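Going by my numbering, the residue at position 175 of the sequence shown is 481; the numbering climbs one at a time, nothing skipped.
Here is the structure we will look at, set down as C-alpha cells.
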Amino acid sequence: MRLRALLETDALGLRLLGGQDELDRTVRGVMTTDLRDPSRYLSGGELVLTGLAWRRTPEDSEPFVRLLAGAGVAGLAAGEAELGAIPDDLVGACARHRLPLFAVHETVAFASITEYVVRQVSGERAGDLAAVVDRHRRLMTSGPAGGGPEVVLDLLGTDLDMRAWVLSPTGRRIAGAGEPLSTGAGAALAAEHLAATRGGRRAPHRVALGGTTYSLFPVRVPGHAASPGGQAGELRERALSDWLLAVEADAGEWGAPRLDLLQGVTQLIAVERDRRDAARTVRRRLAQEILELVQSGAPPAEIGARLRVAAPVLLPGRGAAPHWQIVVARVDWDGEGEPGSVAQSLLEEILVDPVAAGLESGDRIAVAHTGGEAIALVPMPAPDPTEDEDGDGEGTEAAGPGGLQADVLLAAVRDPLTAGLADDGRLTLGVSAPVRSAEGLRGALEEARHARRVAAARPGRVCAAGHHELASHVLLLPFVPDDVRRAFTARLLDPLRDYDRRHRAELVPTLEAFLDCDGSWTRCAARLHLHVNTLRYRVGRIEQLTGRDLSRLEDKLDFFLALRMS
C-alpha cells in the first residue's frame with residue numbers, strides 16, 4: 307500500500323505535517339517504538355509509530371529521524387496524546403531528511419493503525435501472489451516450465467510468511483519450502499486429516515500439534531473427485547488417496563481472499579499429482595502384464611523376457627537384472643462383499659521409503675490390481691558378485707538376508723492409515739521372500755497371498771505378515787478360534803499367573819526363559835541370574851500347579867503355544 311492511502315482513510319485520524327512529495331512511498335509493514343535507536347529492528351518500508359517517549363530535549367529529534375531515514379522507513383507517525391502538538395524540532399528534522407511525518411490524534415489507538423496497515427499489506431501480497439499462482443498454473447498446465455509445487459510453496463513463504471508442505475496420505479513429505487517438518491509430524495498431520503475427512507468435517511481442517519496450529523487442505527485431482535452425493539465407499543477411498551497441503555497457520559483467522567488463494571495452490575499441486583499418476587500408468591501396465599503371465603502359467607522364458615523389459619524402466623541405469631519381491635495388499639470394508647480399489651494407490655505409497663521426499667521417489671514401484679488385490683512387483687538390489695548370476699536360480703531361492711520386511715513396511719504408516727480406515731475398513735498385507743528368477747515368481751506370488759491371509763486372521767485395522775512367518779508352526783496360531791485360545795491358555799497359564807500374583811514367584815517368566823533355553827538348566831539359570839537349585843524348585847512348582855512334565859516334548863510344546871497365544 308501507499309502512504310497516500312493512510313490520509314484517505316478517515317477512521318485513522320492522521321494529519322500530514324510534512325513530506326507531501328513522498329506520499330507515493332510503499333508501506334511494507336508497521337512498527338511501534340519509543341526506543342532512541344530502533345534501527346536494528348527495521349528492515350525498510352515500515353510506517354513507524356511513536357509516542358515520543360524517547361524525546362527528552364529538542365536535540366533528540368535530529369539523531370532519531372536520521373536513524374529512521376537511514377533504515378529506509380516509509381514514514382513516521384507521532385502521537386499527540388503525550389505532548390499535545392508535535393514539536394517543531396521533530397517537524398524540522400523530518401523535513402531535512404525528506405521523511406513524511408503524520409500526527410496521530412489522541413483518540414486513535416496505535417493498534418487500530420497497525421491492524422489496518424497489516425490487513426492492507428497482507429491483502430495486497432495475497433493478490434500479488436494469486437496472480438503469480440495463476441501464471442504458474444498456466445505454465446504447468448502446458449508443461450513443466452513452472453518448476454513444480456516447490457516454487458509455489460516457496461512463494462507462500464517469501465511473500466506471505468507461511469510455511470507449507472505437500473504430504474502424502476501417510477504423511478510422507480512430497481514437497482515443501484524451508485525446513486522439513488519435525489520427526490513424526492507429517493504422519494500425525496496426515497492422521498488428523500484422514501480422521502477429520504472420515505468424520506465428515508469440512509476443509510480446511512485446523513490442527514494443533516506441539517503448540518503449533520496447522521491448516522490442512524485436501525489436494526484433489528480434477529476428474530478424480532467423488533460426484534456430489536456419491537456413495538460412502540467412494541468418499542472414504544478418496545480420503546485415503548488424496549494428497550494434502552499442510553500450512554503452518556490458523557485458517558480460522560483468514561478472510562475469503564486468502565482462503566481462495568490456498569484453494570488455488572491446491573489446484574496447482576493437483577496438476578502435478580495428475581502428471582505423476584499418468585507417468586505411473588506405464589509401470590502399472592508392466593506389472594499387470596507380468597502378473598497375467600505368472601497366473602496363466604506362462605513359460606519362465608516368456609516371463610523372463612517381460613522382466614528384462616521391465617528392469618530398465620524400474621531400475622534406470624542399472625545393467626544387472628535384479629532380484630524381485632512380491633507384495634500383496636487388500637482393503638476390505640465392513641458390510642461389503644467386494645474389497646476396495648484404493649489398495650493399489652495405498653500399496654504404491656507404502657512401498658516408498660518413508661524418509662524419501664519428492665515426486666520421483668516412487669518411480670521403481672509397479673503395482674497391478676486384480677481380483678480385489680493390489681500386487682506389487684518390487685525390484686531388489688542386484689545380487690552380490692560372488693553369487694551365481696547366470697539367471698537360472700531355482701524356485702523361490704531368496705536373495706539373501708535383505709529385502710522388504712512386512713512389519714517395517716507398515717511401521718511409519720500404521721497410524722495415519724488406521725485413522726483413514728476408521729471403524730469400517732481393514733488393510734492387510736503379505737510379503738514374499740526375494741526370488742532371483744522368473745521361475746520363482748509364481749511361488750512368490752502364492753507366498754505373498756498366503757502371508758496376507760495370515761495377516762487377515764489377526765486383530766487390528768492395519769496388519770501385515772512376511773515370508774519368515776510361513777516357515778514355522780506359529781503359522782497355525784492365527785487360525786485358532788478365539789474361544790479355543792482362551793480356554794487353552796487359561797487351563798495352562800492361569801494357575802501360574804494366580805500363584806505369581808499371590809507370591810511374586812515369577813513362574814511365568816521362568817517358564818518362558820526355560821523354553822527359550824531349550825530346557826537347559828545351566829543356560830536358563832545364568833539368564834535369570836538364579837542358582838540352578840532355585841530354578842529346579844520353580845520348574846517343579848510349575849509342574850505341580852499344572853500337572854504337566856517339562857521333560858516331555860508334548861508338554862513343552864503345549865506351554866510354548868499357550869504363551870504365544872496369550
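Beta carbons are placed, not taken as given, at the ideal position from N, Cα and C, and that holds for glycine.
Note that this is a predicted model, so its numbers are computed, not measured.
### Query
What's the gap between the Cα of residue 852 and the Cα of residue 794?
Here residue 852 corresponds to residue number 546 of the sequence shown, with the count starting at 1. Here residue 794 corresponds to residue number 488 of the sequence shown, with the count starting at 1. Using only the alpha carbons, I get a separation of about 12 Å.
### Task
Would you please state the rounded distance, in angstroms, between the beta carbons of residue 324 and residue 400? I believe it to be under 8 Å.
Translated into the one-based positions of the sequence shown, residue 324 becomes position 18. Translated into the one-based positions of the sequence shown, residue 400 becomes position 94. Correct: roughly 5 Å between the Cβ atoms.
### Task
Just mark residue 859 as buried or exposed, buried being the case when its beta carbon has 16 or more other beta carbons within 10 Å.
For the purposes of this step, residue 859 is taken as the residue at position 553 of the sequence shown. So residue 859 counts as exposed.
### Message
Quick check on the burial criterion: 16 or more other C-beta atoms within 10 angstroms. Buried or exposed for residue 553?
### Response
Within the sequence shown, residue 553 is the residue found at index 247, counting from 1. Result: buried.
### Query
In terms of alpha-carbon separation, which member of 361, 363, 366, 348 lies closest to residue 381?
Indexing the sequence shown from 1 puts residue 381 at position 75. Checking every option, the nearest Cα to that of residue 381 belongs to 348.
### Task
Could you please give me the residues that DSSP links to residue 639 through a beta bridge?
As a position in the sequence shown, residue 639 is number 333, starting the count at 1. Bridge partners of residue 639: 731.
### Task
Indicate whether residue 476 and residue 636 have their beta-carbon atoms separated by less than 8 Å.
Position 170 of the sequence shown, counted from the first residue, corresponds to residue 476. Position 330 of the sequence shown, counted from the first residue, corresponds to residue 636. Taking 8 Å as the cut-off, the beta carbon of residue 476 is found no closer than this to the beta carbon of residue 636.
### Task
Give a yes or no on whether the C-beta atoms belonging to residue 761 and residue 770 are separated by under 8 Å.
Position 455 of the sequence shown holds residue 761. Position 464 of the sequence shown holds residue 770. Yes, Cβ-Cβ distance for residue 761 and residue 770 is below 8 Å.
### For residue 296: DSSP bridge partner residues
Since the first residue shown for the chain is 307 and the last is 872, residue 296 is missing from the structure and cannot be characterised.
#### Entry: Reference residue 340; option with closest CA among 333, 367, 315
Taking the first residue of the sequence shown as position 1, residue 340 is located at position 34. In terms of Cα proximity to residue 340, the closest of 333, 367, 315 is 367.
### Query
First and last residue of the beta strand (DSSP E) that includes residue 520?
The sequence position of residue 520 within the sequence shown is 214, counting from 1. Residue 520 -> beta strand (DSSP E) spans 518-525.
### Task
Give the DSSP-derived three-state secondary structure of residue 745 in the structure shown.
The count along the sequence shown starts at 1 and reaches residue 745 at position 439. When DSSP states are grouped into helix, strand and coil, residue 745 belongs to the helix group.
### Query
Looking at residue 772 and residue 711, is the spacing between their C-beta atoms short of 8 Å?
By one-based count along the sequence shown, residue 711 stands at place 405. By one-based count along the sequence shown, residue 772 stands at place 466. It is a contact, given that the beta carbons lie within the stated cut-off.
#### Entry: Simplified DSSP assignment, three categories, for residue 812
Translated into positions along the sequence shown, residue 812 becomes position 506. The answer is coil: DSSP assigns residue 812 none of H, G, I, E or B.
### Message
Let's see if you can read the secondary structure: which residues bound the beta strand (DSSP E) around residue 652?
### Response
Walking along the sequence shown from the start, residue 652 turns up at place 346. That residue, residue 652, is in no beta strand (DSSP E); its alpha helix (DSSP H) goes 649-656.
### Task
State the Cα-Cα distance for the pair residue 719 and residue 867, rounded to the nearest angstrom.
Position 413 of the sequence shown holds residue 719. Position 561 of the sequence shown holds residue 867. Whole-angstrom Cα-Cα distance: 30 Å.
### Message
Quick check on the burial criterion: 16 or more other C-beta atoms within 10 angstroms. Buried or exposed for residue 863?
### Response
Numbered from 1 along the sequence shown, position 557 holds the residue referred to as residue 863. A residue is called buried once 16 or more other Cβ atoms fall within 10 Å of its Cβ, and residue 863, having fewer, is exposed.
#### Entry: Coil, strand or helix - residue 663 by DSSP
Sequence index remark: in the sequence shown, residue 663 carries index 357 (1-based). Because the pLDDT at residue 663 is just 49, under 50, the model does not fix this residue reliably, and the value given afterwards should be weighed accordingly. Of the three classes helix, strand and coil, the one that applies to residue 663 here is coil, per DSSP.
### Query
Based on Cα-Cα distance, which residue from 835, 405, 386 lies nearest to residue 350?
The residue labelled residue 350 in the question sits at position 44 within the sequence shown. Per the Cα distances, 405.
### Spatially closest choice to residue 638 from 650, 631, 629, by CA coordinates
For the purposes of this step, residue 638 is taken as residue 332 along the sequence shown, with counting starting at 1. For residue 638, the nearest C-alpha among the options comes from 650.
### Same chain, Cβ closer than 8 Å to residue 835, neighbours up to 5 away in sequence not counted
Counted from its first residue, the sequence shown places residue 835 at position 529. Nothing listed; no residue qualifies.
#### Entry: residue 379 beta carbon near the ligand PLP (any heavy atom closer than 7 Å)
As presented, the structure is devoid of all ligands, the ligand PLP included, so that no description of it is given.
### Task
Return the first residue and the last residue of the beta strand (DSSP E) that residue 310 is part of.
For the purposes of this step, residue 310 is taken as residue 4 along the sequence shown, with counting starting at 1. No beta strand (DSSP E) holds residue 310; the alpha helix (DSSP H) holding it covers 309-313.
### Bounding residues of the alpha helix (DSSP H) (the contiguous stretch that carries residue 509)
One-based indexing of the sequence shown puts residue 509 at position 203. Where residue 509 is concerned, there is no enclosing alpha helix (DSSP H), given that its DSSP letter is neither H nor E.
### Message
I'd like the list of long-range same chain contacts for residue 820, defined as Cβ closer than 8 Å, with 5 residues on each side in sequence excluded.
### Response
Counted from its first residue, the sequence shown places residue 820 at position 514. Here the set comprises 830, 841, 845, 856.
### Query
Once you ignore the five residues that flank residue 872 on each side, which residues in its own chain have a CB closer than 7 Å to its CB?
Position 566 of the sequence shown, counted from the start, is the residue given in the question as residue 872. These residues qualify, in order along the chain: 795, 799.
#### Entry: Same chain only: Cβ atoms within 7 Å of residue 427, ignoring 5 sequence neighbours per side
If you number the sequence shown from 1, residue 427 lands on position 121. Excluding residues within five positions, the ones whose Cβ falls inside 7 Å are 307, 333, 334, 335.
### Query
Leaving out the 5 sequence neighbours to the left and right, which residues in its chain are closer than 7 Å to residue 394 when beta-carbon positions are compared?
For the purposes of this step, residue 394 is taken as residue 88 along the sequence shown, with counting starting at 1. Cβ within range, chain order: n/a, list empty.
### Cα-Cα separation between residue 726 and residue 492, rounded to whole angstroms
Start at 1 with the first residue of the sequence shown, and residue 726 comes out as number 420. Start at 1 with the first residue of the sequence shown, and residue 492 comes out as number 186. Cα-Cα distance, rounded: 14 Å.
### Query
residue 715 and residue 680 look like a contact to me (Cβ under 8 Å); what is the Cβ gap, rounded to whole Å?
Within the sequence shown, residue 715 is the residue found at index 409, counting from 1. Within the sequence shown, residue 680 is the residue found at index 374, counting from 1. That belief does not hold up - the Cβ atoms of residue 715 and residue 680 are roughly 13 Å apart, past 8 Å.
### Task
Rank 480, 502, 542 by C-alpha distance to the C-alpha of residue 640 and give the top, closest one.
Position 334 of the sequence shown, counted from the first residue, corresponds to residue 640. For the residues 480, 502, 542, the minimum Cα distance to residue 640 belongs to 542.
### Query
Across which residues does DSSP place residue 332 in a beta bridge pair?
Stepping through the sequence shown from its first residue, residue 332 is reached at position 26. Answer by DSSP bridge pairing, in chain order: 308.
### Query
For residue 588, does the count of other Cβ atoms within 10 angstroms reach 16, so buried, or fall short, so exposed?
For the purposes of this step, residue 588 is identified with residue 282 of the sequence shown, where counting begins at 1. The Cβ neighbour count for residue 588, taken over all protein chains shown within 10 Å, is under 16; the residue is labelled exposed.
### Query
Taking the Cβ atom as the reference point for each residue, do residue 613 and residue 596 lie within a distance shorter than 8 Å?
Sequence index remark: in the sequence shown, residue 613 carries index 307 (1-based). Sequence index remark: in the sequence shown, residue 596 carries index 290 (1-based). Result yes, Cβ atoms of residue 613 and residue 596 sit closer than 8 Å.
### Query
According to DSSP, which residues form a beta bridge with residue 356?
Counting from one through the sequence shown, the residue named residue 356 turns up at place 50. DSSP lists 384 as partners of residue 356.
### Query
Quick one: any contact between the segment 506-516 and the segment 552-566, if contact means 3 or more CB pairs under 8 Å?
Contact between the segment 506-516 and the segment 552-566 is present, because at least three Cβ pairs lie under 8 Å.
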